[in-house]
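So the structure is just underneath, and the comments pick up after that.
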Amino acid sequence: MQINYLVGKTEYLENASKTPALPVFSDKAVGFLAELSKELLAIPGIRNHTDVMSYAYWIRKASLEQAKKEVVREGINRLGRGVAFHIAPSNVPVNFAVSMTSSLLAGNISIVRVSNKEFEEVDIICSAMNRVLDKPQFTEMKQYICIIRYEHSDEITEYLSSICDIRIIWGGNNTIEQIRKAPLPPRAIEMCFADRHSVAVIKTNEYLKYVSENEGNVSEIAKKFYTDTYYSDQNACSSPRIVVWLDDKNDSDFEKAKDIFWNSLEKEVSERYELQPIQAVDKYSMLTELSMKKDGIKLSKNDNSLFIIDVDKLSDDLMDYKMSGGYFFQYRTSSLDDIIPIMGKMCQTVAVFGLDKQAVVDYVNDKGVRGVDRVVDIGDTMGLEFTWDGFQMIEQMSRIIYIYRG
Amino acid sequence: MIEDFYELEPYQLNKEEKAEMLTKELLELTKRHREKCQEYDMFLKAIGFNENDVKAPQDIPFFPVRAFKDVDLLSIPREEVFKTMTSSGTTGQRVSKIFVDKETAMIQQKVLVKILSDYWGKKRLPMLVIDSKETVRNRQQFTARGAAIMGLQIVARDIVYALNDDMSLNVEAVKEFLEKYSGQRFIIFGFTFIVWQHFYNAILDINYDIDLDISSYDLSEAFLMTGGGWKKLVSESISQNEFKKRIEEAFGIKHFLDHYAMVEQTGCIYAECECGHLHASNYSDVFIRDPKDFSIKGIGEKGIIQTVSVLPHSYPGHSLLTEDEGIILGEDDCPCGRKGKYIQILGRLKSAELRGCSDTYADKLSRR
Numbered sequence: 281m282q283i284n285y286l287v288g289k290t291e292y293l294e295n296a297s298k299t300p301a302l303p304v305f306s307d308k309a310v311g312f313l314a315e316l317s318k319e320l321l322a323i324p325g326i327r328n329h330t331d332v333m334s335y336a337y338w339i340r341k342a343s344l345e346q347a348k349k350e351v352v353r354e355g356i357n358r359l360g361r362g363v364a365f366h367i368a369p370s371n372v373p374v375n376f377a378v379s380m381t382s383s384l385l386a387g388n389i390s391i392v393r394v395s396n397k398e399f400e401e402v403d404i405i406c407s408a409m410n411r412v413l414d415k416p417q418f419t420e421m422k423q424y425i426c427i428i429r430y431e432h433s434d435e436i437t438e439y440l441s442s443i444c445d446i447r448i449i450w451g452g453n454n455t456i457e458q459i460r461k462a463p464l465p466p467r468a469i470e471m472c473f474a475d476r477h478s479v480a481v482i483k484t485n486e487y488l489k490y491v492s493e494n495e496g497n498v499s500e501i502a503k504k505f506y507t508d509t510y511y512s513d514q515n516a517c518s519s520p521r522i523v524v525w526l527d528d529k530n531d532s533d534f535e536k537a538k539d540i541f542w543n544s545l546e547k548e549v550s551e552r553y554e555l556q557p558i559q560a561v562d563k564y565s566m567l568t569e570l571s572m573k574k575d576g577i578k579l580s581k582n583d584n585s586l587f588i589i590d591v592d593k594l595s596d597d598l599m600d601y602k603m604s605g606g607y608f609f610q611y612r613t614s615s616l617d618d619i620i621p622i623m624g625k626m627c628q629t630v631a632v633f634g635l636d637k638q639a640v641v642d643y644v645n646d647k648g649v650r651g652v653d654r655v656v657d658i659g660d661t662m663g664l665e666f667t668w669d670g671f672q673m674i675e676q677m678s679r680i681i682y683i684y685r686g
Numbered sequence: 051m052i053e054d055f056y057e058l059e060p061y062q063l064n065k066e067e068k069a070e071m072l073t074k075e076l077l078e079l080t081k082r083h084r085e086k087c088q089e090y091d092m093f094l095k096a097i098g099f100n101e102n103d104v105k106a107p108q109d110i111p112f113f114p115v116r117a118f119k120d121v122d123l124l125s126i127p128r129e130e131v132f133k134t135m136t137s138s139g140t141t142g143q144r145v146s147k148i149f150v151d152k153e154t155a156m157i158q159q160k161v162l163v164k165i166l167s168d169y170w171g172k173k174r175l176p177m178l179v180i181d182s183k184e185t186v187r188n189r190q191q192f193t194a195r196g197a198a199i200m201g202l203q204i205v206a207r208d209i210v211y212a213l214n215d216d217m218s219l220n221v222e223a224v225k226e227f228l229e230k231y232s233g234q235r236f237i238i239f240g241f242t243f244i245v246w247q248h249f250y251n252a253i254l255d256i257n258y259d260i261d262l263d264i265s266s267y268d269l270s271e272a273f274l275m276t277g278g279g280w281k282k283l284v285s286e287s288i289s290q291n292e293f294k295k296r297i298e299e300a301f302g303i304k305h306f307l308d309h310y311a312m313v314e315q316t317g318c319i320y321a322e323c324e325c326g327h328l329h330a331s332n333y334s335d336v337f338i339r340d341p342k343d344f345s346i347k348g349i350g351e352k353g354i355i356q357t358v359s360v361l362p363h364s365y366p367g368h369s370l371l372t373e374d375e376g377i378i379l380g381e382d383d384c385p386c387g388r389k390g391k392y393i394q395i396l397g398r399l400k401s402a403e404l405r406g407c408s409d410t411y412a413d414k415l416s417r418r
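Heads up: the protein sequence lines correspond to chains A and B, in order.
All residue numbers for the first sequence refer to this note's numbering, where the first residue is 281 and numbers rise by one.
All residue numbers for the second sequence refer to this note's numbering, where the first residue is 51 and numbers rise by one.
Rendered as structure tokens:
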């Protein structure tokens with residue numbers, strides 16, 4: 281079996297099933313991650329890698345202590361499940377570390393398969409991890425981490441699946457289908473992060489209020505929305521694919537608000553985004569397919585970096601026609617009821633502006649909507665959190681030892 | 051009317067004359083398809099097309115070639131479909147389906163004859179096809195290769211297939227053909243990679259132990275017509291020039307006629323002249339689009355190829371955005387004397403390298 285180790289070695293992997301699990305938020309794991317944070321933040325020029333930076337901030341000591349308060353409860357004993365086998369996605373470089381972090385804090389021995397695609401971010405984080413693990417005070421942590429690469433091999437995937445207690449698959453639906461062919465031991469559990477879509481909802485009058493309060497300077501919102509979408513080529517699960525305007529049908533307000541919103545985004549895009557030629561064809565082809573299958577489609581665009589596609593009603597298959605790289609559906613309504621069709625199982629994040637987040641959650645609760653795992657402000661869709669896709673990651677990756685107290 | 055074009059030599063029109071005729075004809079086709087093909091009409095509405103805005107051929111909306119993979123597009127009743135041509139096209143498993151009626155099939159053949167006779171004369175020539183008969187066996191479902199071969203049958207006579215069904219060389223058939231036509235004008239036709247792999251290499255590689263002494267025949271009058279692009283050969287470090295040089299050295303072939311074509315616009319091929327340029331005939335034209343905003347690029351500038359053609363009557367394929375990159379080398383001024391644009395094809399657009407966590411792109415392409 282040809283496994284390459286970016287962190288760790290064969291011995292740790294072979295002994296993994298005998299390595300003791302750790303309690304949640306063990307001092308060892310927290311200490312290691314906090315040190316890794318320091319190590320990463322000390323790298324000159326690390327600011328150029330926004331995603332590595334955000335990761336480093338996320339695992340700094342204070343941030344972990346805060347998370348610990350939320351997870352660790354007096355009188356409840358939580359312990360790692362054992363061996364966690366992670367399959368990281370190929371296109372989000374830092375995700376492997378995010379997945380590993382929850383798993384280490386849960387107390388597991390973490391084996392993470394990263395994509396064969398070379399990313400500078402992966403190398404930066406792995407070499408920082410190796411430097412930290414080489415410090416004498418972290419020697420004991422070594423046996424808890426293996427970051428590995430291997431060419432597609434059913435044999436290796438089957439082997440790693442056979443020794444794990446929890447399998448975490450990040451990836452598209454095809455990847456999940458492929459990996460699931462490898463059986464798990466009877467007691468092992470699995471967490472799959474499949475393909476999702478996300479939605480932005482803006483209250484028209486609140487947006488216009490913001491515009492006038494800021495004397496027309498809306499670049500901050502444009503920058504936030506850019507981060508939500510173009511920063512990951514609008515291809516992350518959390519990237520909004522549609523902008524829904526909520527208003528009471530005041531036409532001139534709506535026209536004004538959407539013009540300001542898209543123009544400010546377009547300015548941001550023209551300065552920062554590089555569109556690949558095939559993306560223009562992909563977007564145009566998808567728009568064409570949609571227009572041939574559904575009535576009431578209307579495209580507006582200046583250049584090919586930003587496609588705005590007005591739809592006059594929402595159907596539950598609309599998201600079959602989504603595309604990445606700056607391709608947005610636009611819909612206007614006076615009631616959240618109208619957007620239920622796109623809040624099915626596939627819907628992950630609702631990003632809002634001018635709308636009470638709790639009100640959205642209440643609505644989801646009230647209607648028993650199948651999707652929506654997360655409600656955030658516009659600009660926060662890419663945030664790193666210990667709750668993802670409806671899972672409390674650390675809780676899910678650990679187990680409770682229950683004491684019957686009569 | 052397409053008949054107006056028939057009265058002309060295929061490369062006769064200069065820029066202004068051609069623009070005038072094409073604008074009129076393409077606008078007529080747009081109206082026809084809009085009226086008869088509902089999906090096409092829906093597309094035109096979605097992009098806000100207004101017929102009154104059309105002043106030149108480039109103002110006709112371009113339709114992405116992928117659309118033929120997503121939906122069956124017909125501007126005729128289904129019972130009038132004479133043949134369906136398919137193409138695996140660019141990416142994914144889905145195939146393009148092009149529905150051709152008798153009228154369009156006839157136009158395609160007529161135009162192809164006119165274009166090719168400009169290169170090798172009006173006489174029908176014997177043709178050695180470097181492919182297997184299997185490729186054209188199913189007449190209802192043609193592949194791009196099958197369609198190209200079938201299309202050429204009308205300009206050729208005494209057609210012989212050089213390959214067996216397993217793509218091995220049919221030595222006896224080739225020998226018999228060459229013995230008959232050595233020293234005369236005839237056509238050898240095949241897709242570049244197949245000519246290279248299954249003809250050139252098969253004959254020259256002594257390991258194949260083929261009893262065929264090609265140097266004993268005179269191929270100096272033969273036309274080697276190729277198609278299908280150069281990507282596969284270039285990836286094996288064989289450039290187009292190298293291909294010609296090696297084949298001339300080994301076989302003594304002097305006339306080469308490569309061409310650019312697509313199943314969506316069968317008939318009005320872009321054929322290579324004596325100067326090595328691919329020419330647009332009166333029946334079609336090429337525009338290069340800037341990927342940034344789809345604006346028109348000038349001569350010598352690289353971009354996405356849009357092709358227009360006055361041939362498609364039974365499906366809305368008269369103005370297409372391809373997935374190929376190319377350059378217009380010049381217009382009306384090729385030393386060969388042919389009017390119209392001459393172009394260079396740079397190959398398929400590179401597939402996207404995206405961030406993000408989903409493989410929807412792959413999902414999408416394999417979706418039915």
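All residues carry an ideal CB built from backbone N, CA and C; glycine is no exception.
Report task. May I have the straight-line CA-CA distance separating V652(A) from Q514(A), to the nearest angstrom? Result -> 18 Å
Query - Range of the contiguous beta strand (DSSP E) that encloses Q610(A) - result: Y607 to T613
Query raised in the report: Of the residues that make up the region 449-461 of chain A, which ones have a beta carbon closer than 9 Å to any beta carbon in chain B?
Result: W450, G451, G452, N453, N454 and T455
Query - Integer Cβ distance of D308(B) from T276(B), believed to fall under 8 Å - result: 5 Å
Query raised in the report: Using a beta-carbon distance cut-off of less than 7 Å, what residues from the region 336-367 of chain B approach chain A?
Result: P341, K342, D343, F344 and I354
Query - C-alpha gap between E78(B) and P362(B), whole angstroms - result: 12 Å
Query - Boundaries (first-last residue) of the alpha helix (DSSP H) holding W450(A) - result: Counting along the chain, W450(A) falls outside any alpha helix (DSSP H), though it belongs to the beta strand (DSSP E) covering I446 to W450.
Query raised in the report: Candidates F399(A), A347(A), E398(A) and N371(A): which alpha carbon is nearest T381(A)'s?
Result: Of all alpha-carbon atoms in F399(A), A347(A), E398(A) and N371(A), the one lying nearest the alpha-carbon of T381(A) is that of A347(A).
Requested in this report: Identify, in the order they occur along the chain, each residue of the same chain with its Cβ nearer than 6 Å to the Cβ of V150(B), setting aside the five sequence neighbours on each side.
Outcome: By the criterion of a C-beta distance shorter than 6 Å, V150(B) is surrounded in its chain by F132, K133 and S364, once the five residues flanking it on both sides are discounted.
**Report entry** Chain-order list of residues whose beta-carbon lies under 6 Å from that of P369(A) (same chain, five-residue window excluded)
**Finding:** N375, W450 and G451
Report task. Compare the Cα-Cα distances from T185(B) to each of V221(B), I148(B), E101(B) and M135(B) and report the closest residue. Result -> If we check each option's Cα against that of T185(B), M135(B) comes out closest.
Query raised in the report: Of the choices T80(B), V115(B), R116(B) and C87(B), whose alpha-carbon is the least far from that of N102(B)?
Result: Looking from the CA of N102(B), the closest CA among T80(B), V115(B), R116(B) and C87(B) belongs to T80(B).
Query raised in the report: Taking 7 Å as the CB-CB cut-off, is W668(A) touching chain B?
Result: no
Requested in this report: Output yes if chain B places a C-beta closer than 7 Å to the C-beta of M572(A); else output no.
Outcome: It does; some Cβ of chain B falls within 7 Å.
**Report entry** CB contact below 7 Å: E89(B) versus chain A
**Finding:** yes
Query raised in the report: Any idea what DSSP makes of V412(A), helix, strand or coil?
Result: When DSSP states are grouped into helix, strand and coil, V412(A) belongs to the helix group.
Report task. Report yes if the C-beta distance between F306(B) and L274(B) is below 7 Å; otherwise report no. Result -> For F306(B) and L274(B), yes; Cβs fall inside 7 Å.
Query raised in the report: By the criterion of Cβ-Cβ separation under 9 Å, what are the contact partners of A106(B) in chain A?
Result: None at all; the shortest Cβ gap to chain A is about 20 Å.
Query raised in the report: Just how far apart, CA to CA, sit I52(B) and E153(B)?
Result: 11 Å
Query raised in the report: Since S532(A) sits in a beta bridge, which residues does DSSP pair it with?
Result: The partner list for S532(A) (beta bridge, DSSP) is empty, contrary to what the question assumes.
Requested in this report: Report all residues from its chain with a CB closer than 6 Å to the CB of W338(A); omit the five preceding and five following residues, and keep chain order.
Outcome: L664
Query raised in the report: Is S456(B) helix, strand or coil when you go by DSSP?
Result: This structure does not reach residue 456(B), given that chain B is present from 51 up to 418, and the question cannot be answered.
Report task. Please list the partners that G98(B) has in chain A, where partner means a Cβ-to-Cβ separation under 9 Å. Result -> Chain order gives the chain A residues near G98(B) as K578, L579 and S580, where near means a beta carbon separation below 9 Å.
Report task. Give every residue of the same chain whose Cβ lies closer than 7 Å to the Cβ of F118(B), excluding the five residues on either side of it in the sequence, and list them in chain order. Result -> S146, K147, I148 and E314
Query raised in the report: Taking buried to mean at least 16 other C-beta atoms within 10 Å of its own C-beta, is I244(B) buried or exposed?
Result: buried
Query - Cβ shell of R339(B) (< 8 Å), same chain only, five flanking positions each side left out - result: F112, S345, I346, K347, G353, I354, I355, Q356 and L371
Query raised in the report: When you check each C-beta in the region 371-385 of chain B against every C-beta of chain A, which residues fall closer than 9 Å?
Result: The residues in question are L371, T372, E373 and E375.
Report task. Determine the closest residue to D208(B) out of T193(B), V224(B), D215(B) and R82(B), with distance taken between C-alpha atoms. Result -> V224(B)
Query raised in the report: What residues match up with R429(A) in a beta bridge as DSSP calls it?
Result: N284(A)
Query raised in the report: What distance in whole Å lies between the Cβ atoms of K389(B) and L63(B), which are believed to be in contact at a cut-off of 8 Å?
Result: Contact annotation, L63(B) with K389(B): C-beta distance approximately 6 Å; criterion of less than 8 Å satisfied.
Query raised in the report: When the Cα of E435(A) is compared with those of I283(A), F633(A) and I622(A), which residue comes out closest?
Result: I283(A)
Query raised in the report: Taking C-alpha atoms, which residue in P385(B), R398(B), C386(B) and K391(B) lies nearest to L379(B)?
Result: That would be K391(B), whose Cα lies nearest to the Cα of L379(B).
Query raised in the report: Just checking, does the region 565-576 of chain A make contact with the region 530-541 of chain A on the three C-beta pairs under 8 Å criterion?
Result: no
Query - Cβ-based contacts, 9 Å cut-off: residues of the region 555-569 of chain A near chain B - result: Cβ contacts with chain B: L555, Q556, P557, I558, Q559, A560, V561, D562, Y564, S565, M566, L567, T568 and E569.
Query - Minimum length 3: unbroken beta strand (DSSP E) runs contained in the region 288-341 of chain B - result: 305-310, 320-322 and 334-339
Requested in this report: Report the neighbours of D575(A) on chain B: residues whose CB is nearer than 8 Å to its CB, in chain order.
Outcome: M92
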